[in-house]
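For reference, the structure discussed in these notes is given below.
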Amino acid sequence: MIPEQFEDIRSFTTEEIPAAMQLLVDDALIEKIIILVFGENYVNEVKNILRNIKNATELQKKLMTQCKRWIVSNSMKAIETQGFETIKNGKAYLFTGNHRDITLDAFMLQISMIENGLNSCNIAFGSNLILNKTIDIFSKANKMFKVERSQNIRELAINSQHLSDYIRYLIKDNQSVWIAQRNGRTKDGNDKTDHGIITMFSMSGDRNDLITNLSELNITPVATSYEFEPCAMMKARERYITERDGKYVKQPMEDMDSMTSGIKKKKGIVNIAICKSITSDDLKEYDGADKRVVIQAAADLIDKRIYENYRLYPNNFIAYDWLSGTSTFRSHYTEEDKNIFKAYCDKIFSKLYEELGSEAEQRFTEILLGIYANPVENKIKNS
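Quick note: the sequence shown uses my numbering, first residue 225, plus one each step.
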């Protein structure tokens, strides 16, 4: 029984799933979502599957694995995985992943766990992405729990404590969790753990023994790599406008557009790597150190392991050489690779220059190439 204190953020219990599935079947918006993912010929078939689902595991095995196959076949060359053999049923993990796509990072991990015979993880899901009742019902049924976006410092403290308590409750209940290493997606290719995330982890448990506190959560970094970033144009645009205007104001349906783009746009090869978990032995040299030092050390370890396991593609090396004006990594790509990546970039440039004007050309080029080049830089620094 889930403690009542988590009522506002928790996912559905097994007992609540059948009623939730019926709500989805009766929801007019679900037909549009089915058509988007599978096509209009599959509406009745998917609805029949939903009617007969009794728990979250059935939802993932009977429907979400099909969603993954559709996404892979329609927008990827392949999905590759490493490290899943190190994950054991009967043990809970706090997967802390780099965040490149709004939904796919966690979704691909979750279904890959199912396909590897593992119990799937719970997913931390930002309240800003719960755009309507349909998404709310579906996310709760799919082992997703709500992370409230805070408006002020007081709310941030309260919500962080609440989230920390819930994550630790799940881990103690032998349920794994995925959470992004930072709020919001990486916009520049620099996968960097927000110290606030580690601080949030530490708010539950024994605050007087921070190393044991963190090691009890079994923090396990996850590196997700995209050959082609599905939302690269949107990320680069947002960052450019933020630099130019000092702020960026999202349009009402922009997050939905990002989710749709992540699903439908070409991604090439996608790689998911489970990294080595962070243990008390990894942090023992900081025993007795100031809390800020321990938190910095934990964040650095997450970053290092993600950089070490991040899959670099020809696009990354091409972007690095293009941006640096060198041929440092010329042996890592062919002329055909270079032409394909240049055509991809030119297509994005033409769309953005039309909107933003020619004055955006140099900076926008730097931002877009940085999304691909920065992982190379990070790997060099940490090798």
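Every residue gets a Cβ at the ideal spot worked out from N, C-alpha and C, and that includes glycine.
Can you tell me the Cα-Cα spacing of residue i and residue j, whole angstroms?
i: Glu-478; j: Val-249; result: 26 angstroms
i: Ile-604; j: Val-494; result: 21 angstroms
i: Asp-325; j: Thr-448; result: 9 angstroms
i: Glu-372; j: Leu-592; result: 30 angstroms
i: Ile-258; j: Glu-264; result: 7 angstroms
i: Leu-525; j: Ser-388; result: 20 angstroms
i: Glu-579; j: Lys-474; result: 16 angstroms
i: Thr-358; j: Phe-369; result: 15 angstroms
i: Met-457; j: Gly-512; result: 46 angstroms
i: Val-296; j: Phe-331; result: 12 angstroms
i: Thr-466; j: Lys-364; result: 33 angstroms
i: Gln-520; j: Ser-551; result: 35 angstroms
i: Arg-392; j: Met-427; result: 10 angstroms
i: Asn-188; j: Pro-476; result: Since the first residue shown for the chain is 225 and the last is 607, residue 188 is missing from the structure and cannot be characterised.
i: Leu-247; j: Lys-256; result: 15 angstroms
i: Val-267; j: Lys-528; result: 45 angstroms
i: Ser-235; j: Lys-367; result: 5 angstroms
i: Ile-394; j: Ser-400; result: The residue you asked about is not Ile; residue 394 is Leu in the sequence shown. Taking the straight line joining both Cα atoms gives about 7 angstroms.
i: Ile-352; j: Asp-505; result: The amino acid occupying residue 352 in the given sequence is Asn; Ile does not appear at that position. Answer to the nearest angstrom: the Cα atoms are 37 angstroms apart.
i: Asn-322; j: Lys-508; result: 25 angstroms
The alpha helix (DSSP H) spanning residue i covers which residue range?
i: Phe-565; result: 559-580
i: Gly-341; result: Where Gly-341 is concerned, there is no enclosing alpha helix (DSSP H), given that its DSSP letter is neither H nor E.
i: Val-249; result: 241-249
i: Tyr-612; result: As shown, the chain starts at 225 and ends at 607. That puts residue 612 outside it, with no answer to give.
i: Asp-506; result: 504-507
i: Val-473; result: Run containing Val-473: none; DSSP gives neither H nor E here.
i: Phe-588; result: 585-605
i: Arg-275; result: 267-275
i: Tyr-544; result: 538-548
i: Leu-355; result: Note, Leu-355: premise wrong, no alpha helix (DSSP H); not H, not E.
i: Met-424; result: 419-426
i: Lys-256; result: 252-261
i: Thr-436; result: 434-439
i: Glu-282; result: 280-283
Beta strand (DSSP E) containing residue i: first to last residue?
i: Glu-304; result: 300-306
i: Val-371; result: 368-371
Mind checking who residue i pairs with in its DSSP beta bridge?
i: Asn-346; result: Val-401
i: Phe-319; result: Trp-402, Thr-444
i: Asn-495; result: Glu-304, Ser-449
i: Val-517; result: Bridge partners of Val-517: none, in fact.
Closest by CA to residue i, which one among the options?
i: Val-223; options: Thr-558, Ile-572, Trp-546; result: Residue 223 lies beyond the range of the chain shown here (225 to 607); nothing can be said about it.
i: Lys-285; options: Asn-340, Asp-415, Leu-576; result: Asn-340
i: Thr-484; options: Leu-260, Tyr-557, Ile-233, Glu-578; result: Leu-260
i: Asp-412; options: Arg-293, Ile-519, Asn-602; result: Asn-602
i: Lys-396; options: Ala-523, Asn-414, Arg-529, Glu-440; result: Glu-440
i: Thr-251; options: Ile-382, Asn-356, Ile-564; result: The sequence shown places Asp at residue 251, not Thr. Residue Asn-356 is the option with its Cα nearest to Asp-251.
i: Ile-254; options: Ile-361, Lys-312, Ile-233, Phe-319; result: Ile-361
i: Ile-233; options: Asn-276, Gln-385, Asn-343; result: Gln-385
i: Thr-310; options: Ile-498, Ile-542, Met-458; result: Ile-498
i: Trp-294; options: Lys-488, Gln-399, Ile-377, Gly-314; result: Lys-488
i: Gly-594; options: Tyr-464, Tyr-557, Lys-500; result: Tyr-464
i: Ala-244; options: Gln-229, Ile-277, Glu-231, Phe-262; result: Ile-277
i: Asn-539; options: His-323, Tyr-317, Arg-554; result: Arg-554
i: Phe-541; options: Asp-561, Leu-353, Ala-523; result: Asp-561
i: Gln-306; options: Glu-585, Ala-523, Pro-445, Thr-503; result: Pro-445
i: His-348; options: Glu-379, Lys-315, Arg-406; result: Looking at the sequence provided, one finds Ala at residue 348 rather than His. Out of Glu-379, Lys-315, Arg-406, Arg-406 has the C-alpha closest to the C-alpha of Ala-348.
i: Cys-442; options: Phe-230, Asp-469, Thr-503; result: Here the sequence assigns Asn to residue 442, which means Cys is not the residue at that position. Cα-wise, what sits closest to Asn-442 is Thr-503.
Is it a yes or a no for the region 296-307 touching the region 494-508, going by three-plus beta-carbon pairs under 8 angstroms?
-> yes
Would the region 449-457 and the region 532-550 be scored as touching if the rule is three or more Cβ pairs under 8 angstroms?
-> yes
Flag this pair as touching only if the region 327-338 and the region 276-291 have three or more C-beta atom pairs under 8 angstroms; answer yes or no.
-> yes
Is the region 501-520 touching the region 417-435, taking contact as three or more C-beta pairs under 8 angstroms?
-> yes
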